[in-house]
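Asks: Every number in our numbering is 2 more than the matching position in the sequence shown, counting from 1.
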Amino acid sequence: MKKLSSGSLYSIPLTLWMSVFFVIPMLIVLSYAFLTKGTYGGVQMIFTLKNFNVFFEPVFLKILFRTAYISAIVTVLTVALAIPTAYFIARSKFKQELLILVIIPFWTNFLIRIYAWISILGSNGFLNTFLMKLGIIDTPLKLLYNTGSVILITVYTSLPFAILPLYAIIEKFDFALVEAARDLGATNSQAFRKVFLPNIKSGIITAVLFTFIPSMGSYAIPKLVGGTKATMLGTVIAQHLTVTRNWPLAAAISAMLILITSIALLIFMRAEKKSKEADNE
């Protein structure tokens, strides 16, 4: 028998962890997608493809496109805000203090943060009360239970996940390259686009993935502040799990969501690989 190398031994715990908490649950979800709904919920071991008919229903397709649309907007806004924030932190003398401010939201329960926004944006919330006292508005604005509130709160909750990987890359960046580009005649915007951004591309890709993938499966935010006009896939999956108790249908939708996020991940990985090959050439 061949002896296991030290590298193989070290990888055993990671392999077990990935198998137990990632691979096996995902296989269970995928297998449920091909089974039949039980009479009182759960599943029956009867093979069927009927669960995938939902992908051709206009109502479901509308929710799917809405989910992708909201996730794309959230990703763009989050990364656009995270880049200058991470840049400012990396160049600041108070890096540790600013990083703590970024991490502090993690110390608070996720639902509490959502309800805090509800208390701010609600009809009797802080913002509407403040604007009415100033005489700017006469009646409360409808700031909740729409697509805008979902985007706003999702961007807020996603920002730390985008800032941290960007900060890790920007901190290692040699800013002398930007100064050299300026000395060679490049404007500030040209130095930013042609020198700074290409060198932090890996951080941007990580920030995009950390934002887009969770946004696609978001449940709590659309459920609490989205209303009927901002229903997303996560809400639909939860409804089939808890209300209709159609586990196979929920599994089929989850499988499709896994497929979409996996394709997005592969596209970004291939783009990063090509950019690295181009840099090496």
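We treat Cβ as the ideally placed atom computed from N, Cα and C, and that holds for glycine.
At the level of alpha carbons, what is the spacing between V227 and I120?
Replies: As a first step, residue 227 must be located in the sequence shown, where it is residue number 225. As a first step, residue 120 must be located in the sequence shown, where it is residue number 118. Computed Cα separation, rounded: 7 Å.
Asks: Relative to the C-alpha of T69, which residue among Y221, A253, A254 and K275 is closest?
Replies: Looking up residue 69 in the sequence shown gives position 67. Comparing Cα positions, the closest option is Y221.
Asks: Between which two residues does the alpha helix (DSSP H) containing T141 stretch?
Replies: Locating residue 141 in the sequence shown gives position 139, counting from the first residue. T141 -> no alpha helix (DSSP H), and no H or E assigned at all.
Asks: Assuming P162 and V104 are in contact, meaning their beta carbons sit under 8 Å apart, how far apart are those beta carbons, in whole angstroms?
Replies: One-based indexing of the sequence shown puts residue 162 at position 160. One-based indexing of the sequence shown puts residue 104 at position 102. With a Cβ gap of about 5 Å, P162 and V104 count as contacting.
Asks: Could you tell me the alpha carbon to alpha carbon distance between G205 and P86, rounded to whole angstroms?
Replies: Translated into the one-based positions of the sequence shown, residue 205 becomes position 203. Translated into the one-based positions of the sequence shown, residue 86 becomes position 84. Taking the straight line joining both Cα atoms gives about 13 Å.
Asks: Taking the alpha-carbon positions, what's the A240 to Q192 distance?
Replies: Here residue 240 is taken as the residue at index 238 of the sequence shown, counted from 1. Here residue 192 is taken as the residue at index 190 of the sequence shown, counted from 1. Between A240 and Q192, the C-alpha separation is close to 47 Å.
Asks: Applying the criterion that 16 or more other CB atoms from any shown protein chain within 10 Å of the CB defines a buried residue, is W19 buried or exposed?
Replies: Within the sequence shown, residue 19 is the residue found at index 17, counting from 1. That one is exposed.
Asks: Using 8 Å for Cβ pairs, my map puts L251 next to M218. What's the rounded Cβ distance?
Replies: Here the question's residue 251 lines up with position 249 in the sequence shown. Here the question's residue 218 lines up with position 216 in the sequence shown. No, L251 and M218 are not in contact; Cβ-Cβ is about 18 Å, not under 8 Å.
Asks: Considering Cα atoms alone, identify which of K196, I171 and Y34 is closest to E181.
Replies: Mapped onto the sequence shown, residue 181 falls at position 179. Nearest of K196, I171 and Y34 to E181, Cα basis: K196.
Asks: Quick one: grab the DSSP three-state call for V45.
Replies: Reading the sequence shown from its first residue, position 43 is the one you call residue 45. Of the three classes helix, strand and coil, the one that applies to V45 here is strand, per DSSP.
Asks: Assuming F49 contacts L37 (C-beta within less than 8 Å), just tell me the rounded distance between them.
Replies: Locating residue 49 in the sequence shown gives position 47, counting from the first residue. Locating residue 37 in the sequence shown gives position 35, counting from the first residue. Contact holds; Cβ gap of about 7 Å.
Asks: Quick check on the DSSP output: the alpha helix (DSSP H) that includes W119 runs from which residue to which?
Replies: The residue given as residue 119 occupies position 117 in the sequence shown. Unbroken alpha helix (DSSP H) run through W119: F112 to L123.
Asks: Hey, how far is the Cα of L66 from the Cα of I215?
Replies: Here residue 66 corresponds to residue number 64 of the sequence shown, with the count starting at 1. Here residue 215 corresponds to residue number 213 of the sequence shown, with the count starting at 1. C-alpha separation (whole angstroms): 14 Å.
Asks: What alpha helix (DSSP H) runs, 4 residues minimum, are completely inside the segment 58-108?
Replies: The segment 58-108 contains these whole alpha helix (DSSP H) runs: 60-93 and 97-105.
Asks: Mapping DSSP to helix, strand and coil, what is K203?
Replies: Reading the sequence shown from its first residue, position 201 is the one you call residue 203. DSSP places K203 in helix when its eight states are reduced to three.
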